[in-house]
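Chains as they are written, first to last, in our numbering: chain A, 31 to 828; chain B, 92 to 319.
All C-beta atoms in this analysis are idealised placements derived from N, C-alpha and C, irrespective of residue type, glycine included.
Just so you know, these numbers come straight off a predicted model, no measurement behind them.
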């Protein structure tokens, strides 16, 4: 007679009510009983609850993520791996991924952020790549909101505390502040690794009988249900009590794990490996065996424990950090164990790969879980949740917006959508139904009494935490270790050299909550375009995207609508620009007491420079260089920092809607920038983003070691008056500087592609920013304002 | 000269020091493992930056008990050259091979930045290619770099010329603002009394290439070469 999984003495009886406490619905519980042909044991219930959580199963997003173009030239990984990999030439692969750690970071900022960094580093390591750089995207509430400065200090401290100790440089990122994040901050961590072609590690265990080896820190009670319950539900009044579900990081253990794992991979004895991240031992073992259609049997008595007395439920669900699961080729396990012993890293065999497609666990000689492995992996629930825009196009006629709703419909029909994906769109049209957040939550600032002068507006923008220097943050991060950082934090994108090669890599991360709140579709398109322009501005060509999709509760149709619009925006932009989406992550339930964050798709892009010595910095370098503007879109004050700061009524002409984005021009810009860089024609390039042209010019004056100045004359742009033209945004402008002798060549490159190009002034040695008759300011004074924006509000750090 | 670079568990800049010496400067470098007492003929041993043993007790407090440190101490006693960079400096202080100690930065936060340093004593093997008052640009990256020494020892250190580098402004002045971590007397680097053991918080290995933080670090490494 077949052995049956047993209920253990002292375990609670499994009932539908207990299942609900585990975050499973009544229907889901019925499905579990159907899969097993019986009621689950308590241990099995725990296993299902984590594997079927939103965080692990992607049950609300899976059908949409398929829409993203994941293939492209050089892409070396299929979706579903731990991270994406793209060939960069000379036999190397860039391996990268971005991931959210929002919920834990809000509950316990230092450890939440620290373990976010650690987790994404292990995802890249699990691909067999050496982690070479980190980025992060941080979205906080306003600094005067209760607890917010504590959260900022905690998150920045955690990222530094972990990243600095683990030997992976934090080379860039972004930080923003907005009331939409007062009760749900965002911490998105990105890691880039470098691997040799042909040496990528596999996350699928193909060898029956192969030993499963547990490597790394011992298992404790920390992090149980960290992923399933914390990141798969909204916050409420009791969220504070969830602090024990946040894991505690040990970067020293991680550093040893990195070196030991890379050395172990060199033996050739590794059949597969995977990080023990969310849902720990359960998800890593089931995913590795499930990917190859095989099964696994674990012996929980062999798992190293931090303290005696952990139940099988706790061992399987623990999210203790700094652990990896290896599968060795049979008979070669000792080669791996020797390496781990050298590095003083725990390692022991805890199970075998089996040819029955079942996921089994034994404890104290008893079978405690016996589950068809498909039920945990490919056959986990997937939902087609309703998506509906929140505002009718015309309430009287009961007509719903055609933009997002129509897009949502087409996305539901996967055939239609994949057919559409053959032809990249030429332009992204704004949605008819903004505002998406409802009138009361519009992301606009308080109305000001009078219209500020251009100089006042510029100073106010430079002093705003969103625009002001982020030096206070990145000064706390080691961005030098590994000796590859040729351009660190503070520019449009970071640039790394690759030792021994001429090539270099550029990397950046962007999000644009103001635009996404106004229009979740155009906002997503513009985020991809901005990240790609940042890559282009350092002289690189984009290679691949990793996206982190941060949204509210997907069970609400309007949130699902935002999400669908976001995915479609990313898809359309990625197709039009020809950049594959190679990895990513979804974070739902960023919502507290029914109030969701602004839709926030965060986009990381890695780009390639064929010759790293041709990189371009964002700041002016030489007096008398020509300053020119390249235009690749329509300027608008909608969803700008200016609007946020001074309120909507200061903006003439009403600009509820974001301007459409001409993706053809965006693509042309990327090509033109790459060509201008490769020919060595430019001395600087800076993307105009938060704060508009005036801020971009100021930043270009004070980005280098020597303070420069600029004398510029501009015309009215896109129907805005002169003053507004200085502060408008909208994925539309790049500021260039170059020697006057290059003028004809530079102009030719941009004009040939239909990109409006205009020389507007000159760089000056005297540190003064003059823009027409509107602004005439000492750059030293402007710089002082810019540098004080964060320390003035958060305190000094040095 | 043969160089040795020690890897403790938690060393982070060990590979960067090897890169600087072997790949950039073309030197003969051997990697040394903390569990192994052998120096493999290294005449100058470098203890690199990082967080040895996680620095969970006190920075460098555990690393000093590694087997390799017995040989490092013997090398120092025999007049060989030992240099500790950042965490390596902390280890040498813990091992009492250098005077003083390093404590948490005045700001209590980690600082990664470029600093200006003034050469205070150019007549040592670590600084002999420079002149008194020369300014160097080097990066620092540490959370515990505030140098302290007992009040009665500090004047002697200064008098004997054991203070090699001081944090200064870009104009070369030892101002309060130019002292990034609050070190006593703005001390950034010291030597032992016999001037063969050196410790510094800045990272010369991250300033050996023009495109990556300048080349002032080479002046220190080259001094060691010439001094031999």
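Please confirm whether residue i and residue j have their CB atoms less than 9 Å apart.
i	j	result
residue 284 of chain A	residue 148 of chain A	yes
residue 805 of chain A	residue 761 of chain A	no
residue 641 of chain A	residue 532 of chain A	yes
residue 114 of chain A	residue 574 of chain A	yes
residue 252 of chain A	residue 349 of chain A	yes
residue 539 of chain A	residue 203 of chain A	yes
residue 660 of chain A	residue 609 of chain A	no
residue 286 of chain A	residue 409 of chain A	no
residue 564 of chain A	residue 651 of chain A	no
residue 235 of chain A	residue 321 of chain A	yes
Are any of the Cβ atoms in chain B nearer than 9 Å to that of residue i?
i	result
residue 440 of chain A	Unreliable placement is indicated for residue 440 of chain A, whose pLDDT of 42 sits below 50; no coordinate value is reported for it.
residue 278 of chain A	no
residue 195 of chain A	yes
residue 28 of chain A	Residue 28 of chain A cannot be examined here, being either before or after the span of chain A that is shown, 31 to 828.
residue 690 of chain A	no
residue 515 of chain A	yes
residue 84 of chain A	no
residue 373 of chain A	yes
residue 643 of chain A	yes
residue 521 of chain A	no
residue 436 of chain A	Model confidence at residue 436 of chain A stands at a pLDDT of 42, short of 50, so the residue's coordinates are unreliable; what they give is reported in the following sentence. No, its Cβ sits nowhere closer than 9 Å to a Cβ of chain B.
residue 423 of chain A	Because residue 423 of chain A carries a pLDDT of 45, less than 50, the predicted location of this residue cannot be relied on, and the following value inherits that uncertainty. Output row for residue 423 of chain A: interface = no.
residue 527 of chain A	yes
Sort out for me which residues DSSP pairs residue i with in a bridge.
i	result
residue 666 of chain A	A/759
residue 571 of chain A	A/638
residue 915 of chain A	Nothing can be reported for residue 915 of chain A: it is not among the residues displayed for chain A, which extend from 31 to 828.
residue 304 of chain A	A/355
residue 96 of chain A	Per DSSP, none; premise fails for residue 96 of chain A.
residue 692 of chain A	A/457
residue 122 of chain A	A/119, A/226
residue 205 of chain B	B/230
residue 716 of chain A	A/765
residue 538 of chain A	A/635
residue 384 of chain A	A/325
Kindly indicate if chain A contains any beta-carbon less than 9 Å away from that of residue i.
i	result
residue 147 of chain B	yes
residue 303 of chain B	yes
residue 300 of chain B	yes
residue 185 of chain B	no
residue 137 of chain B	no
residue 168 of chain B	no
residue 296 of chain B	yes
residue 179 of chain B	no
May I ask which residues mark the beginning and end of the alpha helix (DSSP H) holding residue i?
i	result
residue 238 of chain B	First-last for residue 238 of chain B: 237-239, but that is the beta strand (DSSP E), not the alpha helix (DSSP H).
residue 184 of chain B	178-185
residue 132 of chain A	132-137
residue 195 of chain A	178-196
residue 794 of chain A	Counting along the chain, residue 794 of chain A falls outside any alpha helix (DSSP H), though it belongs to the beta strand (DSSP E) covering 787-794.
residue 779 of chain A	773-781
residue 207 of chain A	Unbroken run through residue 207 of chain A is the beta strand (DSSP E), 200-207; no alpha helix (DSSP H).
residue 817 of chain A	809-818
residue 672 of chain A	671-676
Could you tell me if the beta carbon of residue i falls within a distance shorter than 8 Å of some heavy atom in the ligand SAH?
i	result
residue 304 of chain A	Looking at this structure, you won't find the ligand SAH or any other ligand, since it has none at all.
Which first and last residues belong to the beta strand (DSSP E) in which residue i is found?
i	result
residue 299 of chain A	That residue, residue 299 of chain A, is in no beta strand (DSSP E); it is neither H nor E in DSSP.
Quick check: the segment 695-715 of chain A against the segment 741-760 of chain A, are at least 3 beta-carbon pairs closer than 8 Å? no
Do the segment 632-644 of chain A and the segment 485-501 of chain A meet, that is, are 3 or more Cβ pairs less than 8 Å apart? no
Counting Cβ pairs closer than 8 Å, one from the segment 194-214 of chain A and one from the segment 349-360 of chain A, do we hit at least three? no
Would you call the segment 180-196 of chain B and the segment 142-157 of chain B in contact, with 3 or more CB pairs under 8 Å? yes
Are there three or more Cβ pairs, one per stretch, closer than 8 Å when the segment 158-170 of chain B is compared with the segment 196-211 of chain B? no
Segment contact, 8 Å Cβ cut-off, at least three pairs: the segment 608-628 of chain A with the segment 518-531 of chain A: Proximity of the segment 608-628 of chain A to the segment 518-531 of chain A falls short of the contact definition, fewer than three beta-carbon pairs being nearer than 8 Å.
Segment contact flag, the segment 132-145 of chain B with the segment 177-191 of chain A, C-beta cutoff 8 Å, min 3 pairs: With contact defined as three or more Cβ pairs closer than 8 Å, the segment 132-145 of chain B and the segment 177-191 of chain A are not in contact.
Between the segment 185-195 of chain B and the segment 124-133 of chain B, can you find at least three pairs of beta-carbon atoms closer than 8 Å? no
Is there contact between the segment 71-81 of chain A and the segment 336-343 of chain A, where contact requires at least three CB pairs shorter than 8 Å? yes
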